[in-house]
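Trainee: Residue numbers (our numbering): 1299 to 1842.
There's a structure below that I have some questions on.
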RNA sequence: GCGCCUGUAGCUCAAUGGAUAGAGCAUUGGCCUUCUAAGCCAACGGUUGAAGGUUCGAAUCCUUCCAGGCGUGCCA
């Protein structure tokens, strides 16, 4: 594994102490034996036994140089899997807001990284497009007239929904019409369905617009909402009823009882599959979705990105799907939860008036702030260039701020830190890329022609080379753990090493024997940054 | 009550059981006649919430406690 500190070399082996313990021998003696048996003369300059029995390995510049010129950026995964990635999944009764940001950004980064590693990724946007909320919303839109529906802007779905909910509480006639609308939808009455479809088309448009502005890879055909599983639920329940001891009736509801789940009274907590009134819940839809993902999508692996409050839901869902035989045991089911977004005050991130911050407002503000900063830093850019750069920087900054942190923790949203451009931020990485692009532009050099072997005489060059060769293992870690912050940390550390190299090593002014090799280092760094940031859903810039 | 998650430098965060717990911001000081200074170099900053335990080795695993958050039968 990579060494913890530079003075310990490039890589270290630390399994010897444990092995020695099991073999009841002295760890340093064992390390000496291992060292005798190793044949790494072509690869390593030195291998040393250190401390209680570490092996510290320092790679040969010639080996590093050879790897950099001969090996591809990334070896494609041979045992490619079909991976379903369920992310974003907003409820369309509300306009997309900051609460949808993490699932969307993290899920998209993992989906892109899986694809980069050679897996077949099937994106699934499991949107909330069905249920009581839409009865209210459609009944309300009915009341205020078709004009509201015609208003393609659909200014603020959330405000409409709040109004509809208030009317539902205060106006019993309206409440009745809402319930009737739900029933009409469930009965697939053409009139009601037409209204619903019309509304959904607008909502999908809004969603696509947000994705496009955020550069999220979800497409309309990836949308498979709750409504898509309506027809499958009935037959699924019939199937489950044929199995012994799976579905149990309790207080009129159909439930699955699993002894490992206890409620607050210490009794077994049921997973309700059908309510006493015959309605279905999110558990039910998710079961049907899992069945679809196994039977129709042939998933080897299913990943879910939702907030941490749903941990219990997914534990029950996965356990029930195994118990009921909906998903076979060789399919990997993984819930990847994340924490909340907090404001500076440590409370959930809201606007001053206490409302959810809408994503389109957030995007607008990010671009506006980036634009102002760029104007300050580089006044020589023309209007059009500045605008494009501002967008790329703004979106990159917002995404990277989220992706660079361990997703399990809550994270604090702070504009100034995000767009600070120092430290572990997207603009810092983008700046490094722009600097490299500047070298090739200034020298009028075709980057694709740079394949000379670098000499790696200086330690900064060697350090950069060692780091460049780690890209593969980091991508594999992200694929395994679905944690994009591993990739962020790597790209940041790589960039730090590039910046040191850039400061210490002139390139264009050097004689060809040095210059050409250094250009190869630049090329490889640029490719790694471009590909790595691309896997995170962030674009690079030729100039900034 | 029970279950899950979180607690690391003033702030925001890393550390995949490994060696002296690392970065950035903030603070202080250096470096542009030389490929973009949105950069580089350095200093300062720690009882990893607390106490036990396991281990050659613990921020990481186990136990108890403290603090905060979330979940816990017909919302998602």
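Note that CB positions come from ideal geometry on N, CA and C, so glycine has one too.
None of these values were measured; they are calculated from a predicted model.
Rounded to the nearest angstrom, what separates residue 1429 and residue 1542 at their Cα positions?
Mentor: When rounded, the distance between both Cα atoms is 30 Å.
Trainee: Helix, strand or coil for residue 1422? Go by DSSP, reduced to three states.
Mentor: Strand at residue 1422.
Trainee: According to the Cβ coordinates, are residue 1753 and residue 1815 closer than 8 Å?
Mentor: Yes; because the gap between Cβ atoms is below 8 Å, this pair is in contact.
Trainee: Closer than 8 Å by C-beta to residue 1518: which residues in its own chain qualify, once you throw out the five before and the five after it? Chain order, please.
Mentor: Answer for residue 1518: 1502, 1506, listed in chain order.
Trainee: Give a yes or no on whether the C-beta atoms belonging to residue 1498 and residue 1390 are separated by under 8 Å.
Mentor: Going by C-beta atoms, residue 1498 is nearer than 8 Å to residue 1390.
Trainee: May I ask you to verify whether the stretch 1454-1465 touches the stretch 1418-1426, counting CB pairs closer than 8 Å and requiring at least 3?
Mentor: The stretch 1454-1465 vs the stretch 1418-1426: no contact.
Trainee: For residue 1646 and residue 1689, I'd like the C-alpha separation in whole angstroms.
Mentor: The alpha-carbon atoms of residue 1646 and residue 1689 are separated by roughly 26 Å.
Trainee: Checking 8 Å against the spacing of the C-beta atoms, do residue 1766 and residue 1829 come in under that value?
Mentor: Result no, Cβ atoms of residue 1766 and residue 1829 do not sit closer than 8 Å.
Trainee: Let me check one thing: in DSSP terms, what residues is residue 1635 bridge-paired to?
Mentor: Answer by DSSP bridge pairing, in chain order: 1604.
Trainee: Per DSSP, which one or two residues make a beta bridge with residue 1546?
Mentor: BP columns for residue 1546 point to 1553.
Trainee: Using CA coordinates, which residue listed in 1432, 1675, 1489 is at the minimum distance from residue 1473?
Mentor: Taking only the C-alpha atoms, the option nearest residue 1473 is 1432.
Trainee: Could you please give the first and the last residue of the uninterrupted alpha helix (DSSP H) stretch that includes residue 1669?
Mentor: Residues 1657-1675.
Trainee: Curious, which full-length alpha helix (DSSP H) runs of at least 4 residues does the stretch 1559-1631 contain?
Mentor: Qualifying alpha helix (DSSP H) stretches, in chain order: 1580-1593, 1609-1621.
Trainee: Per DSSP, what kind of secondary structure is residue 1395 in: helix, strand or coil?
Mentor: Residue 1395: strand per DSSP, three-state reduction.
Trainee: Which of the three DSSP states is assigned to residue 1450 in this structure?
Mentor: Only weak support exists for where residue 1450 lies, its pLDDT of 47 falling under 50; the value from the coordinates is given anyway. The answer is coil: DSSP assigns residue 1450 none of H, G, I, E or B.
Trainee: Does the contact criterion of 3 or more C-beta pairs under 8 Å hold for the stretch 1623-1639 versus the stretch 1701-1713?
Mentor: Taking 8 Å as the limit for Cβ pairs, the verdict is that the stretch 1701-1713 does touch the stretch 1623-1639.
Trainee: Grouping DSSP H, G and I as helix and E and B as strand, with all else coil, what is residue 1346?
Mentor: Residue 1346: strand per DSSP, three-state reduction.
Trainee: Buried or exposed: where does residue 1592 fall if 16 or more other Cβ atoms within 10 Å of its Cβ makes it buried?
Mentor: Classification for residue 1592: buried.
Trainee: Do the stretch 1337-1345 and the stretch 1728-1740 make contact, defined as three or more Cβ pairs closer than 8 Å?
Mentor: No, the stretch 1337-1345 does not touch the stretch 1728-1740.
Trainee: Determine, using beta carbons only, whether residue 1372 and residue 1776 come nearer to each other than 8 Å.
Mentor: Cβ distance not < 8 Å, so residue 1372 and residue 1776 don't count as in contact.
Trainee: Is the CB-CB distance between residue 1436 and residue 1392 below 8 Å?
Mentor: Their beta carbons are not under 8 Å apart, which means residue 1436 does not touch residue 1392 by this criterion.
Trainee: With DSSP as the reference, label residue 1722 as helix, strand or coil.
Mentor: It is coil, neither helix nor strand.
Trainee: Starting from the Cα of residue 1374, find the closest Cα among 1348, 1417, 1403 and give me that residue.
Mentor: Nearest of 1348, 1417, 1403 to residue 1374, Cα basis: 1417.
Trainee: Between the beta-carbon of residue 1566 and the beta-carbon of residue 1552, is there less than 8 Å?
Mentor: No.
Trainee: Among residues of its own chain, excluding the 5 on either side of residue 1450, which ones have a beta-carbon nearer than 8 Å to its beta-carbon?
Mentor: Its pLDDT being 47, under 50, residue 1450 is placed unreliably in this model, and the coordinates cannot settle the point.
Trainee: Following the continuous beta strand (DSSP E) through residue 1309, name the residue where it begins and the one where it ends.
Mentor: Segment 1309-1311, the beta strand (DSSP E) holding residue 1309.
Trainee: Return the bridge partner residues of residue 1646 from the DSSP annotation.
Mentor: Paired residue(s): 1640.
Trainee: Would you call residue 1675 buried or exposed, if buried means 16 or more other Cβ atoms sit within 10 Å of its Cβ?
Mentor: The residue is exposed, with fewer than 16 neighbouring Cβ atoms inside 10 Å.
Trainee: Just list the residues that DSSP pairs residue 1381 with in beta bridges.
Mentor: For residue 1381, which the question treats as bridged, DSSP gives the partners 1419, 1599.
Trainee: Is the stretch 1647-1661 touching the stretch 1390-1410, taking contact as three or more C-beta pairs under 8 Å?
Mentor: Yes, they touch.
Trainee: So is residue 1378 buried or exposed if we call it buried at 16+ other beta carbons inside 10 Å?
Mentor: Result: exposed.
Trainee: Use the C-beta contact count for residue 1614: other C-beta atoms within 10 angstroms, 16 or more gives buried, fewer gives exposed.
Mentor: Buried: at least 16 other Cβ atoms inside 10 Å.
Trainee: Shortest alpha-carbon distance to residue 1550 belongs to which of 1578, 1528, 1561?
Mentor: Out of 1578, 1528, 1561, 1578 has the C-alpha closest to the C-alpha of residue 1550.
Trainee: What did DSSP end up calling residue 1300 once you bin it into helix, strand or coil?
Mentor: If DSSP states are grouped into helix, strand and coil, residue 1300 belongs with the strands.
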